[in-house]
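Remarks on the structure that follows.
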Amino acid sequence: MLRMSPLNRRRWANFKANKRGYWSLRIFVLLFSVTLFAELIANDKPLVIQHNGSLYFPVLLPYSEKELGGVFETEADYREQYVQDLVTEQGGWMLWPPIRYRHDTLDYALDSPAPAPPSQRHLLGTDNYGKDVLANLIYGVRLSFLFGIVLTLLSSMIGITIGAVQGYFGGLVDLIGQRLTEIWAGLPMLFILIILASVVESNVFWLLAILVAFSWMSLVGVVRAEFLRARNLPFVMAAKALGASNRSVMVRHILPNAMVATITFLPFILTGSITLLTSLDFLGFGLPADSPSLGRLLAQGRTNIHAPWLGLTTVFTLAFMLTLLIFTGEAFRDAFDPRKNANLEDV
Numbered sequence: 016m017l018r019m020s021p022l023n024r025r026r027w028a029n030f031k032a033n034k035r036g037y038w039s040l041r042i043f044v045l046l047f048s049v050t051l052f053a054e055l056i057a058n059d060k061p062l063v064i065q066h067n068g069s070l071y072f073p074v075l076l077p078y079s080e081k082e083l084g085g086v087f088e089t090e091a092d093y094r095e096q097y098v099q100d101l102v103t104e105q106g107g108w109m110l111w112p113p114i115r116y117r118h119d120t121l122d123y124a125l126d127s128p129a130p131a132p133p134s135q136r137h138l139l140g141t142d143n144y145g146k147d148v149l150a151n152l153i154y155g156v157r158l159s160f161l162f163g164i165v166l167t168l169l170s171s172m173i174g175i176t177i178g179a180v181q182g183y184f185g186g187l188v189d190l191i192g193q194r195l196t197e198i199w200a201g202l203p204m205l206f207i208l209i210i211l212a213s214v215v216e217s218n219v220f221w222l223l224a225i226l227v228a229f230s231w232m233s234l235v236g237v238v239r240a241e242f243l244r245a246r247n248l249p250f251v252m253a254a255k256a257l258g259a260s261n262r263s264v265m266v267r268h269i270l271p272n273a274m275v276a277t278i279t280f281l282p283f284i285l286t287g288s289i290t291l292l293t294s295l296d297f298l299g300f301g302l303p304a305d306s307p308s309l310g311r312l313l314a315q316g317r318t319n320i321h322a323p324w325l326g327l328t329t330v331f332t333l334a335f336m337l338t339l340l341i342f343t344g345e346a347f348r349d350a351f352d353p354r355k356n357a358n359l360e361d362v
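Here our numbering is used: the first residue of the sequence shown is 16, the next is one more, and so on.
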């Protein structure tokens, strides 16, 4: 069993004492965990098929129509009545997910022109291409938050490293680093994205690389200040006197103290990363057009004023999830507050 130090137990007690932040974290983790299994919740393929005494798993493996008793060698379209009859006529069955649409599934059997209003067939309606809005939300939340988490981690690693080097060595290293950081921060990221979008084909990795290049500066100041404060403290001087290398002193002695302030900023940086991606998708400079995107749903809501379900569902989803993150960040900030930890008895 993992044992926590008395200080970490006090921090955990402080975090749990903030009921709003504690329950916000639990709700966020639950909802985000559900979206990680989006293919099992919203899909245009059955989860399991029983046919001629054999089990098939179309969600995991592709099967041709001929394998199910049809004619074509191409992958079966399980939403076609003909394919469903091939299975059921032999006494077989299909187990479908709760939502029978993926984020890119086009529904050609709509009762009204797209975007169709909410109905029993599409609980939150469809967009102007005939795609299910609820399926798009599930896939879009997963992609947006995974993208935001990766962006936050990568940019934080770079920012912490640069801030640590500046703060620890100080002097000319700090001076040059600060000037370069200020110059880099003054570059117009949106204009650079627009220029590159017209030259390079957009994809997730390209967009992630560009955003990391401009997002690492958020933690530099915090980490730099912590290293400037701690580099001349007695325990650091003692480690140097005992022959510890600069790398060892930075990683083992100063960085743990700097991480206290850093961790409290991470939920807010994650919120900013998700908002940034949504904004770029809304403007048309974000993820590829075939990717599930919350920003693109917002853009469709703007151009389809007569279909309010497009914009409202996306706004409420984003507002709710980001509010949970903000409440969690506030709870983390209080949990790592040294004044509260000093006044709370050991647990």
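Glycine included, each C-beta is placed from N, C-alpha and C at the ideal position. Computed from a prediction, not measured in an experiment: that's the story for all the values here.
State the CB to CB distance for the pair residue i and residue j, rounded to an integer number of angstroms; the pair is presumed to be in contact (CB under 8 Å).
| i | j | result |
| --- | --- | --- |
| GLY174 | VAL235 | 5 Å |
| VAL237 | THR277 | 6 Å |
| LEU149 | LEU139 | 4 Å |
| PRO112 | ILE56 | 6 Å |
| SER288 | TRP231 | In fact, because the Cβ distance is near 12 Å, the residues do not count as touching under 8 Å. |
| PHE52 | VAL63 | Contact doesn't hold; Cβ gap of about 15 Å is too wide. |
Consult DSSP for residue i and reduce its assignment to one of helix, strand or coil.
| i | result |
| --- | --- |
| LEU222 | helix |
| LEU248 | coil |
| VAL215 | coil |
| THR328 | helix |
| TRP108 | strand |
| HIS66 | strand |
| VAL362 | Unreliable placement is indicated for VAL362, whose pLDDT of 42 sits below 50; the coordinate value is still reported in the next sentence. In the structure shown, VAL362 sits in coil (DSSP, three-state: anything other than H, G, I, E or B). |
| ASP59 | coil |
| TYR71 | strand |
| SER170 | helix |
| GLU80 | helix |
| GLU54 | helix |
| GLU197 | helix |
| GLU241 | helix |
| MET16 | Annotation note: pLDDT 43 at MET16 (below 50); position unreliable, coordinate value reported separately. Here MET16 sits in coil by DSSP. |
| ARG35 | helix |
Let me make sure I understand the geometry here. Which of the options has the alpha-carbon closest to that of residue i?
| i | options | result |
| --- | --- | --- |
| TYR183 | ARG244, GLU80 and ILE191 | ARG244 |
| MET109 | ARG26, GLU90, VAL74 and THR141 | VAL74 |
| VAL86 | ARG26, ARG94, LEU101 and PHE220 | LEU101 |
| ILE114 | TRP324, GLU54, GLU82 and THR196 | GLU54 |
| ASP59 | ARG194, ASN67 and GLN99 | GLN99 |
| LEU211 | THR141, GLU104, GLY299 and ASP122 | GLY299 |
| SER48 | SER263, GLY107 and MET336 | MET336 |
| ASP349 | ASP119, TYR78 and ARG26 | ARG26 |
| SER79 | LEU70, ALA91 and SER69 | ALA91 |
| ASP189 | LYS255, ARG239 and ARG24 | ARG239 |
| GLU200 | LEU340, VAL214 and PHE229 | The residue asked about is misnamed: residue 200 is Ala in this sequence, not Glu. Nearest C-alpha to ALA200: PHE229. |
| ASN319 | THR196, TYR97 and PRO132 | PRO132 |
| GLY107 | ASP122, HIS66 and LEU248 | HIS66 |
Notebook entry, point to check: Is there contact between the segment 130-145 and the segment 199-219, where contact requires at least three CB pairs shorter than 8 Å?
Noted result: No, the segment 130-145 is not in contact with the segment 199-219.
Item checked: Any 3 or more C-beta pairs closer than 8 Å across the segment 299-307 and the segment 152-171 -> yes
Item checked: Cβ contact (3+ pairs, closer than 8 Å) linking the segment 331-349 and the segment 36-43 -> yes
Note to self: When you compare the segment 287-297 with the segment 309-329, are there three or more beta-carbon pairs, one atom per stretch, that lie closer than 8 Å?
What the structure shows: yes
Note to self: Ignoring anything shorter than 3 residues, give me the beta strand (DSSP E) runs that lie fully in the segment 102-164, in order along the chain.
What the structure shows: 108-110
Check: What are the complete alpha helix (DSSP H) segments, minimum 4 residues, inside the segment 273-357?
Finding: 309-318 and 323-350
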